[in-house]
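Taken in sequence, the protein lines are chains G and U. Counted from 1, the first sequence has number 242 at position 242 by our numbering; the numbering is strictly sequential. Counted from 1, the second sequence has number 1050 at position 50 by our numbering; the numbering is strictly sequential.
2 protein chains.
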Amino acid sequence: MATIRDLARQCGVSVATISRVFNNPEVVNAETRDNVLRVAARIGYQPNESARTLATKKSYMVGLIWDTDHRRPGWRHPFFQEIIIGLKTALSERGYHLLMLATSDDEGSHLRAAKRHNLDGVVFIDNGTQDPALTQLAESDVPCVSLDRPITGPRTTYVISDNAGGARIAVNHLYEQGRRSIATIAGPGRTRPGIERLDGYRDALAALGLPERSHHVVEGDFYLAGGHAAMRRLLELDERPDAVFAAGDEMAIGAIRAITEAGLKVPEDIAVVGFDDIELAALVQPGLTTVAQDKGGFGTAAATALIAMIDTPATGSPPPSVLPTSLVIRGTTSTLPRTSP
Amino acid sequence: MATIRDLARQCGVSVATISRVFNNPEVVNAETRDNVLRVAARIGYQPNESARTLATKKSYMVGLIWDTDHRRPGWRHPFFQEIIIGLKTALSERGYHLLMLATSDDEGSHLRAAKRHNLDGVVFIDNGTQDPALTQLAESDVPCVSLDRPITGPRTTYVISDNAGGARIAVNHLYEQGRRSIATIAGPGRTRPGIERLDGYRDALAALGLPERSHHVVEGDFYLAGGHAAMRRLLELDERPDAVFAAGDEMAIGAIRAITEAGLKVPEDIAVVGFDDIELAALVQPGLTTVAQDKGGFGTAAATALIAMIDTPATGSPPPSVLPTSLVIRGTTSTLPRTSP
DNA sequence: CGCACCTCTGTAACCGGTTTCATGTAACCG
DNA sequence: CGGTTACATGAAACCGGTTACAGAGGTGCG
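Pasting the structure below:
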């Protein structure tokens, strides 16, 4: 690899001039500049990023902290790939790279790892554990963005879906379809989306003047089996609901299965709305009506907020991004559009 | 951030000694070493990785090239998340980090980007395009591992599933279930898995002494709609098959839908086997019997091969890893195990 | 005792960039 | 014509590590 001194020699100028050609082209004479660029292209010169980072303290690298947790080996984020695509694309456009840190690094102190590697900022994806290393990071001066989990700090913000709003949309939609006895299969009460979606459900019922019946609220676990079990409990009620809002698509599909097994029909007897819009939602039959999250938006919003903090050191924490959700209507709430496969 | 010179001053030793404490502890006096470590911990010293990389030419970073392609915006890898988990875990254990490079970087020359960043190696995930930048990279002296796509070079190897073997397993399984008229919905002829799985299907038929009927081979597109359409063609045949091997799970599910729509039953009238074992396979009803790929194995094998090349500069290219596939038997080939939800 | 050898440590060059400051030259101005 | 200013460039220090080499002090042996 040619170094800056090699190039300087070949061009008959000093290294300072070479450096200027790449970082401050306007201050160098046009003729000199063109010549440098020509020779650089010929000999295939390119600056060494490590040397550059060492001198400038800027790495153009953003850390991604995503603990595929030792304690919970199977943990997966439903939209991981979409988030990464969005994040990477938005970062790329601004010239930033994404570094996935080895988790073992520094025994869990992400802050130390960030400093070591001269990271310009960090994004982390919540894995549900209250990792103290994340709090430490958020409280530092390193720009941070958290996905799916509210967290604060001097230079920290977060991106989250409008869970309550989405839940309201779902309930309203069921109401518009003529349903008046709307139950919910909630997420676990300890999770953020679980709480917020349940709140939205309650708000919507109240706004519509529908009574909230406590036995119409059953807690699930976000997974298929939990949704199935929860639905069975709902089916045993004297006052059987004519619609169910499930706080997650997998639970919704489990619920549909329970309904079908009971000899009832979806949506004729019971309409179902899910939340998330996972791939599967479009593939099951009938298609699952669901509240879609803006999957790509997570990455984009995170990148935007992060770069704002990085580029203008004066700014503290931008306001959190609350991503809008939208209703995707499919077969489980409407018999009309029978989508062929 | 404390630097090595700060630490040296505080300890009353030279920077060389400090450096030795961290890189070559056995050559420094035990007492001195302990003292340095104690002071280092107290003042929170940690080496600057950029400076270290600059001096040693070793970054402990591996690049991940995964073109979420401008030309094909929707391209996604079915197992992306699992691959990343496996890759990251295996790399972490050896102290390596994963850098996702900005695609715009250097206008597509991944090789240049790798050099700039002093990457120790590179992994790339095939996106189906024959990107010349990948070939250039493979032909360089940078250690490379390609996923899902055979490619060669002086220090390059690849990881791929045993597609043909998996197809044979599938066909044999159908045979054991008493099926004798086994059709296939193949993948596109231009894709590697498409070709290999079809080869495996043919081999298996031959080995079993079953005739191969040309009209029993229909090409799909790996997606649901393609599987559906292909199955309809098979259903129109005079000689209707009693089993179908679909070269991808989504196609298999499309096929099942077509079968059901035609008033036939799975598996009673027609048994179905898929390939991949995507999440959905376990969630549809009846569960899809399918040939599972070793998703995590991709990442692990890639990391192992890459680190072998990195650690021993003398070695050229390790042999490619062909990951074994395994059959997961569910409802679409067997009426016995009716899995509850 | 003299010499070889081993153990431990320090000095200083080096990795490849960036940036401050000084300098030379030409243009401009009254 | 002398002085100010703008422009273009170069010399050298610096970023924070690593490492070749030299040297100091102690030990063992003939």
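Glycine included, every Cβ here is placed at the ideal spot set by N, Cα and C.
(request) Whole angstroms is fine: what's the gap from G:K265's alpha carbon to G:I259's? (result) 7 Å
(message) For the ligand FMN, is there any heavy atom lying closer than 7 Å to the beta carbon of U:A1305?
(response) This structure lacks the ligand FMN; in fact it carries no ligand of any kind.
(message) Is the separation between the beta-carbon of G:A186 and that of G:L198 shorter than 8 Å?
(response) In this structure, G:L198 lies closer than 8 Å to G:A186 by Cβ.
(request) Mind listing the chain U neighbours of G:I43? Cutoff is C-beta to C-beta under 9 Å, in chain order. (result) Within 9 Å Cβ-Cβ: nothing; G:I43 doesn't reach chain U, min ~13 Å.
(request) Starting from U:T1157, trace the beta strand (DSSP E) both ways and give me its first and last residue. (result) T1156 to S1161
(request) With a 10 Å radius around its C-beta and 16 neighbouring C-beta atoms as the bar for buried, classify U:S1092 as buried or exposed. (result) buried
(request) Just mark G:G165 as buried or exposed, buried being the case when its beta carbon has 16 or more other beta carbons within 10 Å. (result) buried
(message) Is U:T1017 close to chain G? Criterion is C-beta to C-beta, closer than 8 Å.
(response) no
(message) Beta carbons nearer than 7 Å to chain U: which residues of the segment 116-145 of chain G have them?
(response) R116, H117 and N118
(message) Just to confirm, is the Cβ distance from G:M251 to G:G220 under 8 Å?
(response) Between G:M251 and G:G220, the CB-CB gap stays under 8 Å.
(message) Does chain U have any CB closer than 8 Å to the CB of G:E236?
(response) no
(message) Given a cut-off of 8 Å on the beta-carbon distance, is the pair U:P1150 and U:P1025 in contact?
(response) Contact flag unset, no.
(request) Determine, using beta carbons only, whether U:T949 comes closer than 8 Å to chain G. (result) Shown here, chain U extends from 1001 to 1341; a query on residue 949 of chain U therefore has no answer.
(message) For U:Q1293 and U:T1325, which I take to be in contact (beta-carbon distance under 8 Å), what is that distance rounded to the nearest angstrom?
(response) 6 Å
(request) Could you have a look at G:A271 and say whether DSSP puts it in helix, strand or coil? (result) strand
(message) In this structure, how does DSSP classify U:L1064 when only helix, strand and coil are distinguished?
(response) Strand at U:L1064.
(request) State the beta-bridge partners of U:H1097 as determined by DSSP. (result) U:M1061
(request) Indicate whether G:K58 and G:D120 have their beta-carbon atoms separated by less than 8 Å. (result) yes
(message) Tell me the rounded alpha-carbon separation between G:R180 and G:I256.
(response) 19 Å
(message) Between which two residues does the alpha helix (DSSP H) holding U:G1299 run?
(response) Residues K1295 to D1311.
(request) Say whether chain G places a C-beta atom closer than 8 Å to the C-beta of U:R1071. (result) At U:R1071, the pLDDT of 47 sits below 50, so the modelled position is not reliable; the number obtained from the coordinates is stated separately. Chain G contact via Cβ: absent.
(message) Would you say G:R180 lies against chain U (beta-carbon separation less than 8 Å)?
(response) no
(request) Give the straight-line distance between the Cα atoms of G:L64 and G:H110, rounded to the nearest whole angstrom. (result) 10 Å
(message) Among G:S19, G:A2, G:V36 and G:N29, whose alpha-carbon lies nearest the alpha-carbon of G:G12?
(response) G:V36
(request) Spatial neighbours of G:I43 within its chain, please: CB distance less than 8 Å, with the 5 preceding and 5 following residues excluded, ordered by chain position. (result) A2, D6, L7 and Q10
(request) Leaving aside the five residues before and after G:H358 along the sequence, list all residues of the same chain whose C-beta is less than 7 Å from its C-beta, in chain order. (result) Absent from the structure is residue 358 of chain G, since the part of chain G shown begins at 1 and ends at 341.
(request) Return the CA-CA distance between U:F1022 and U:V1142, expressed in angstroms with no decimal places. (result) 27 Å
(message) For chain U, check one thing: does any of its Cβ atoms lie closer than 8 Å to the Cβ of G:I4?
(response) no
(request) Out of U:A1302, U:L1280 and U:R1330, point me to the one whose CA is closest to G:P78's CA. (result) U:L1280
(message) So, at 6 Å on beta carbons, what are the nonlocal neighbours of G:P286 in its own chain, with the 5 sequence-adjacent residues on each side left out?
(response) G331 and T332
(message) Measuring only the C-alpha atoms, how far is G:G274 from U:L1283?
(response) 16 Å
(message) Going by beta-carbon coordinates alone, are U:A1246 and U:L1174 separated by less than 8 Å?
(response) Contact annotation: U:A1246 and U:L1174 have beta-carbon atoms that are not nearer than 8 Å.
(request) Have a look at G:S14 and U:S1317 and give me their C-alpha separation to the nearest angstrom. (result) 41 Å
(request) Measuring alpha carbon to alpha carbon, tell me which of U:G1209, U:F1222, U:A1262 and U:T1156 ends up nearest U:L1234. (result) U:A1262
(request) Keeping to the same chain, check which residues put their C-beta closer than 6 Å to that of U:T1289; ignore five residues upstream and five downstream. (result) Contacts found: V1273, I1329, R1330, T1332 and T1333.
(request) Determine, using beta carbons only, whether U:R1112 comes closer than 8 Å to chain G. (result) Cβ-Cβ to chain G under 8 Å: yes for U:R1112.
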